[in-house]
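These protein sequences, in sequence, are chains A and B.
Going by the UniProt record's numbering, the first residue of the first sequence is number 1, and it counts up by one from there.
Going by the UniProt record's numbering, the first residue of the second sequence is number 1, and it counts up by one from there.
Cβ atoms here follow ideal geometry from the backbone N, Cα and C, with glycine treated the same way.
Everything numeric in this text was worked out from a predicted model, so none of it was measured.
2 protein chains.
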Amino acid sequence: MSVQSPKSPEIPGYTYGAASHSPVSLAELEELKASVMFTNRDAELLRRAGQLLDGQVEKVLDVWYGFVAGQPHLVAHFSRPDGPPIAEYLEAVRARFGQWIRDTCTRPYDQEWLDYQNEIALRHTPEHKNETDQVGSTPVVPLRHLIALTGPITTTIRPFLAKREESAEQVEAMMEAWLKAVLLQVALWSRPYTRDGQW
Amino acid sequence: MSVQSPKSPEIPGYTYGAASHSPVSLAELEELKASVMFTNRDAELLRRAGQLLDGQVEKVLDVWYGFVAGQPHLVAHFSRPDGPPIAEYLEAVRARFGQWIRDTCTRPYDQEWLDYQNEIALRHTPEHKNETDQVGSTPVVPLRHLIALTGPITTTIRPFLAKREESAEQVEAMMEAWLKAVLLQVALWSRPYTRDGQW
Ligand code: HEM
Ligand code: HEM
């Protein structure tokens, strides 16, 4: 387990630093950062965003969980087939999701980070979904909804940043950095979903 | 060919209204719109954005083409393997890309639109890439870069909107609508790339 994690007390199933080696190379990551226009300035802006979001993570999660809970086609992937949502599953993922907000803002995007991106990707697909929390939910989160959720996951973060930062320009810059960081990760997460040779 | 197209004089290879039926249903489109939080208000905001962008489409394309041209791993997909960029390919796609900006802002997202989304998707994959312009470039645009380019395609549009709209709030609202529209399409375009049952 990594030591430089800002806030990762005991989060069940959070295996950052202990994930298998990613099949994606650091050179491919650099290309992908270039495609999404992610620069060192974005990394700095994310660090600042992380400070502003730090005390608000639970409130951000309330918004996102409310959004997912309100849509049957989304909450289905936290439920048993044709069953109700699995409360323990929602709770366990929520803790790791909160840590993901912190990681996205503060971690260096290095080999260890790349390895955990691969693990998060697999946890959305038949390879690892349900395993960490030992539940019997659907086998896969459909890729189209994974990509689409970049929308709400990005736009809903704005008021939380604006509450702590007066300069509209600064908020804007942090929002763009956040969007790029989420897109970068969703692009990485799409790998196990993709046909051979097309990723 | 459709008649209600705002500006589609003779654009070679632009087959809007004549594309094959999409395998995606309108019900699935509605779900996807919900996942990305796309509402009627966004459709209205896009219409307004379309008016502001109308005379600036060529300048927007200059920025995007400059971005792609500057990155070897991107421009490769407009080139012969290990060869230089194919000028006629870049030009032909550019005209359709300009029309796509207009379509994204003004078209109703109906069956005809869905059908052409499917065609655009296929044109990025081995199924139809290179066919329309009869060129010998790479067989596929890698999905990860398709997703990643949502970043530049979104963030670079802001100054063009801001130049024609004083209210920062309005610009912001149009930017969010644009982001959702691009994500919605990239989510649709990911379908032919995806393993069976995981899209
Ligand atoms: C941009 C979009 C998304 C982001 C940023 C995101 C983020 C995350 C994160 C950080 C985790 C926990 C990873 C860990 O175990 O450390 C996770 C798990 C999960 N997410 Fe997503 N997610 C997205 C889209 C979706 C969508 C659309 C669904 C569908 C409802 C979904 C359902 C799940 C489920 C069911 C898990 C638990 C997987 C498991 O069994 O381990 N996610 N997600
Ligand atoms: C959000 C990202 C992207 C958007 C919105 C986009 C949009 C478009 C549009 C509108 C077209 C023309 C469709 C038509 O024929 O009517 C097109 C074609 C094309 N795009 Fe993309 N694109 C994206 C990402 C990429 C990337 C990353 C590449 C890699 C360089 C790329 C390479 C191409 C190529 C080579 C064609 C021509 C395909 C053919 O042979 O017909 N695109 N794109």
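Q: Report all residues for which the CB-ligand distance to some heavy atom of ligand 1 is below 6 Å; order them along the chain.
A: Going along the chain, the residues that qualify are GLY13(A), TYR14(A), VAL68(A), LEU74(A), HIS77(A), PHE78(A), VAL93(A), ARG96(A), PHE97(A), TRP100(A), ILE120(A), ARG123(A), HIS124(A), LYS129(A), ASN130(A), THR132(A), ASP133(A), VAL141(A), HIS145(A), LEU146(A), LEU149(A), THR150(A), ILE153(A), VAL182(A), VAL186(A).
**Q.** Neighbouring residues, chain A, relative to LEU45(B) (Cβ below 9 Å)
**A.** For a Cβ distance threshold of 9 Å, nothing in chain A lies close to LEU45(B): the least Cβ distance comes to about 13 Å.
Q | Short Cβ contact (8 Å threshold) for THR194(A) with TYR14(B) | A | Not in contact: THR194(A) and TYR14(B) (Cβ atoms no closer than 8 Å).
**Q.** the region 125 to 151 of chain A: positions lying closer than 7 Å to chain B by Cβ
**A.** Going along the region 125 to 151 of chain A in chain order, one finds THR125, VAL140, PRO142, LEU143, ARG144, HIS145, ILE147, ALA148, LEU149, THR150, GLY151 with a Cβ nearer than 7 Å to chain B.
Q. In chain B, which residues lie with their C-beta within 9 Å of the C-beta of LEU39(A)?
A. Per the sequence presented here, residue 39(A) reads as Thr, with Leu not at that position. Going along chain B, no residue has its Cβ under 9 Å from THR39(A), so there is no contact; the nearest lies around 11 Å.
Q. What residues in its chain sit with their C-beta under 6 Å from that of THR104(A), if we drop five residues either side in the sequence?
A. Contacts found: ALA181.
Q | Supposed contact pair GLY151(B) and MET174(A) - C-beta distance, whole angstroms, cut 8 Å | A | Going by Cβ atoms, the distance from MET174(A) to GLY151(B) rounds to 15 Å, so no, they are not a contact pair.
Q: Mind listing the chain B neighbours of ALA168(A)? Cutoff is C-beta to C-beta under 7 Å, in chain order.
A: Simply ALA168.
Q) Could you give the C-beta distance for ALA187(B) and LEU32(B), rounded to a whole number, given that I count them as a contact under 8 Å? A) Contact holds; Cβ gap of about 6 Å.
Q. Any residues in the region 99 to 111 of chain B with a beta carbon nearer than 7 Å to a beta carbon of chain A? Which ones, in chain order?
A. From the region 99 to 111 of chain B, no residue has a Cβ closer than 7 Å to chain A.
(Q) Helix, strand or coil for PRO108(A)? Go by DSSP, reduced to three states. (A) In the three-state reduction of the DSSP assignment, PRO108(A) falls in the coil class, being assigned neither a helical nor a strand state.
**Q.** C-beta atoms of ASP133(B) and TYR65(B) nearer than 8 Å
**A.** No, the pair does not count as a contact, with Cβ atoms beyond the cut-off.
Q. Should ASP196(A) go down as buried or exposed, given a rule of 16 or more other Cβ atoms within 10 Å for buried?
A. Exposed.
Q) So, helix, strand or coil for THR15(B), using DSSP? A) THR15(B) falls in the coil class under three-state DSSP.
Q: Step through the CB atoms of chain B and report whether any lies within less than 8 Å of the CB of LEU74(A).
A: Interface residue, yes.
Q: Could you work out which residues of chain A lie near TYR193(B), taking near to mean beta carbons separated by less than 7 Å?
A: Chain-ordered, the chain A residues with CB closer than 7 Å to the CB of TYR193(B) read THR194, ARG195, GLN198.
Q: On the DSSP bridge assignment, give the partners of SER79(A) in chain order.
A: BP columns for SER79(A) point to PRO85(A).
Q) Counting only beta-carbon atoms, is VAL93(B) nearer than 8 Å to chain A? A) For VAL93(B), the answer is no, since every Cβ of chain A falls outside 8 Å of its Cβ.
Q | Sequence-distant residues of its chain with Cβ nearer than 7 Å to ARG94(A) (five each side left out) | A | In the same chain as ARG94(A), and ignoring 5 residues on each side of it, the C-beta atoms closer than 7 Å to its own belong to LEU61, TYR65, in chain order.
Q: Can you have a look at GLN99(A) and say buried or exposed, based on whether 16 or more other CB atoms are within 10 angstroms of its CB?
A: Looking at its Cβ environment, which holds 16 or more other Cβ atoms inside 10 Å, GLN99(A) is buried.
Q.
THR138(B) and ALA49(B) - do their beta-carbons sit closer together than 8 Å?
A. Result no, Cβ atoms of ALA49(B) and THR138(B) do not sit closer than 8 Å.
Q) So which residues on chain A does GLN71(B) lean against when the C-beta distance must stay under 9 Å? A) Here the neighbours are GLU31, ALA34, SER35.
(Q) Let me check understanding here. Comparing Cα to Cα, which of PRO85(A), LEU149(A), TYR109(A) lies closest to LEU183(B)? (A) That would be LEU149(A), whose Cα lies nearest to the Cα of LEU183(B).
**Q.** Beta-carbon contacts of VAL101(A) that lie in its chain and below 7 Å, excluding the five residues immediately before and after
**A.** It should be noted that the sequence gives Ile, not Val, for residue 101(A). Cβ neighbours of ILE101(A) beyond the five flanking positions: LEU53, VAL57, VAL60.
Q) Interface residues of chain C around THR155(A) at Cβ under 9 Å? A) Of the chains in the structure shown, none is chain C; the protein chains are A and B.
Q: Pull up the CB-CB distance for ARG96(B) and ILE11(B), whole angstroms please, since I reckon it's below 8 Å.
A: Sure, about 6 Å apart at Cβ, within 8 Å.
Q: Select from ASN40(B), TRP113(B), SER167(B), HIS124(B) the residue whose C-alpha is nearest the C-alpha of HIS145(B).
A: Checked all of ASN40(B), TRP113(B), SER167(B), HIS124(B); the closest Cα to HIS145(B) is HIS124(B).
(Q) Please tell me whether SER190(A) has its Cβ less than 8 Å away from any Cβ of chain B. (A) At least one chain B Cβ lies under 8 Å of SER190(A).
(Q) If you reduce the DSSP assignment to three classes, tell me which class GLN4(A) lands in. (A) With a pLDDT of only 43 at GLN4(A), under the threshold of 50, the placement of this residue in the model should not be trusted; the figure read from the coordinates follows. Coil.
**Q.** Bounding residues of the alpha helix (DSSP H) (the contiguous stretch that carries GLY136(B))
**A.** From DSSP, GLY136(B) is part of no alpha helix (DSSP H); its letter is neither H nor E.
(Q) Measuring only the C-alpha atoms, how far is LEU179(B) from SER35(B)? (A) Those two C-alpha atoms are separated by around 13 Å.
Q | Residues from the region 48 to 63 of chain A in contact with chain B, defined by Cβ distance under 8 Å | A | Under the 8 Å Cβ criterion, the region 48 to 63 of chain A contributes no residue.
**Q.** Alpha-carbon to alpha-carbon, ILE120(A) and TYR16(A)
**A.** Cα to Cα, TYR16(A) sits roughly 10 Å from ILE120(A).
Q.
Taking the straight line between their C-alpha atoms, what separation do you get for residue 200(B) and GLU30(A)?
A. Lying before the first or after the last residue shown, residue 200(B) is absent from chain B, which here runs from 1 to 199.
Q) What residue ranges within the region 111 to 180 of chain B form continuous beta strand (DSSP E) runs of no fewer than 3 residues, ordered along the chain? A) Runs found: none.
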